[in-house]
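In what follows, a structure is listed as structure tokens, so that the remarks can point back to it.
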Amino acid sequence: MTSHTPPNDDPVAVLRWAHARFGDGLVVTASFGDPTLAHLAGTTIPDVDIVLLDTGYLFAETDWYADDLRRRYGLNLRTVHPLPDTERDVWRSDTNACCAARKVEPLNRALRNKSAWITGLRRSDSAARAQTPVVHEDPSRGIIKVNPLATWNDDDVAAYVAAHDLPAHPLADRGYRSIGCWPCTAPVGEGEDARAGRWAGEAKTECGLHLSGDATAGTLVTVASSGGGRSDGGRSEVAR
4 MTSHTPPNDD
14 PVAVLRWAHA
24 RFGDGLVVTA
34 SFGDPTLAHL
44 AGTTIPDVDI
54 VLLDTGYLFA
64 ETDWYADDLR
74 RRYGLNLRTV
84 HPLPDTERDV
94 WRSDTNACCA
104 ARKVEPLNRA
114 LRNKSAWITG
124 LRRSDSAARA
134 QTPVVHEDPS
144 RGIIKVNPLA
154 TWNDDDVAAY
164 VAAHDLPAHP
174 LADRGYRSIG
184 CWPCTAPVGE
194 GEDARAGRWA
204 GEAKTECGLH
214 LSGDATAGTL
224 VTVASSGGGR
234 SDGGRSEVAR
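Below you can see the structure in the form of structure tokens.
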């Protein structure tokens, strides 16, 4: 019988526990800003869906990089797009509304009929994520959220990347440490928070995927748990 909680905080142990507990009800979301989560999840659970939310504003380098990782490591990559009638260029006047339509709504579709969601959240990402649990409930979606990298810092990630000789995102050596949509992502300076380049100049620090409500909410979910185009090899989905 599978335990209600992982045996320890080791990412591989957490992923194996999640697969044993949730099986086909498991889905991974990865931004492909770096290779860590996609490689770790895809090699530990080879049949798991790894979802990329293609907002329509991803860097061309991110599109290329995601497909490169898919081909190299046999990832079961699934791309989810915004609804066809989603208004363009909303980011110019309202970044919260843009994120809600181009990230949160597609994510909610990707999580439909799933019981657990694996993310790449790390406590070291930012002050807002410093209390991220390894496993917790996302009450707004009624799903269990699994964060296998929660306890890792930058050194842990670098060691994993080096040990597996993983390629870096093409923008990494240009100062981009947290990579999202091109209109709202900038390089960061030495010593700055990795996410300082996201929505630079705004009070906004999260897109809404990891908030307790919609994209206009402001609190990370930390409830303790009881338990653009792409190559043909990936799957691409747009709601009809």
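Its first residue numbered 4, the sequence shown is counted upward by one per residue in my numbering. Beta carbons are placed, not taken as given, at the ideal position from N, Cα and C, and that holds for glycine.
Span of the beta strand (DSSP E), counted from its first residue to its last, around residue i
i: T3; result: For residue 3 there is no data in the structure shown, the boundaries of the chain being 4 and 243.
i: D141; result: V138 to D141
i: R81; result: L80 to V83
Identity of the residue in the options nearest residue i by Cα
i: P87; options: I147, H7 and R105; result: R105
i: L174; options: G45, T47 and W67; result: W67
i: G183; options: D52, N116 and T98; result: T98
i: F35; options: V54, R24, W20 and H22; result: V54
i: S118; options: R125, D141, R91 and I147; result: I147
i: R126; options: A153, L169, S96 and V149; result: A153
i: D157; options: S181, V137, S143 and P142; result: S181
i: G45; options: L61, Y60 and R75; result: R75
i: R115; options: D176, G145 and E90; result: G145
i: T188; options: T8, L61 and F25; result: L61
i: H172; options: P49, T65 and G59; result: T65
Residue i at chain D interface by Cβ criterion, 8 Å
i: A133; result: Protein chains in the displayed structure number just one, and chain D is not present.
Chain-order list of residues whose beta-carbon lies under 6 Å from that of residue i (same chain, five-residue window excluded)
i: P151; result: P14, V17 and L18
i: E240; result: Any answer about E240 is weak, because its pLDDT of 49 lies below 50 and its placement is not dependable; what the coordinates show is given next. Taken in chain order, the residues that qualify are V83.
i: D57; result: T82 and H84
i: A113; result: V54 and V83
i: P10; result: A16
i: T94; result: Per the sequence shown, the amino acid found at residue 94 is Trp instead of Thr. Around W94: C101 and P186.
i: R91; result: none
i: A69; result: F35 and L55
i: V160; result: T39
i: P49; result: none
Contacting residues, own chain, Cβ-Cβ under 8 Å from residue i (five flanking each side not counted)
i: L124; result: R132, T135, N150, L152, A153 and H213
i: A206; result: Per-residue confidence for A206 stands at a pLDDT of 49, beneath the threshold of 50, marking its modelled position as unreliable; the derived number appears in the next sentence. Cβ within range, chain order: n/a, list empty.
i: S96; result: none
i: V51; result: H22, L29, V30, V31, A44, G45, N79 and I121
Close-in-space but distant-in-sequence residues of the same chain around residue i (CB under 7 Å, 5 per side omitted)
i: P38; result: L72, V164, L169 and P170
i: A41; result: A33, F35, I53, L72 and L78
i: A2; result: Nothing can be reported for residue 2, as the shown portion of the chain is limited to 4 through 243.
i: D12; result: V137 and T154
i: T47; result: V15, L18 and R19
Bridge partner(s) assigned by DSSP for residue i
i: C184; result: L61
i: L29; result: A119
i: L56; result: V83
i: V149; result: I121 and V138
Enclosing alpha helix (DSSP H) for residue i [first to last residue]
i: L43; result: T39 to T47
i: L263; result: An answer regarding residue 263 cannot be provided, because it is not within the stretch 4 to 243 covered by the chain.
i: V93; result: No alpha helix (DSSP H) contains V93, which DSSP labels as neither H nor E.
i: D158; result: D157 to A166
i: T98; result: T98 to C102
Any non-hydrogen atom of the ligand GTP closer than 7 Å to residue i Cβ
i: H22; result: This structure does not include the ligand GTP; it has no bound ligands of any sort.
Original post:
Between the segment 127-144 and the segment 25-45, do at least 3 Cβ pairs fall closer than 8 Å?
Top reply: no
Subject >> At least three beta-carbon pairs within less than 8 Å, the segment 104-123 to the segment 73-80 >> reply: no
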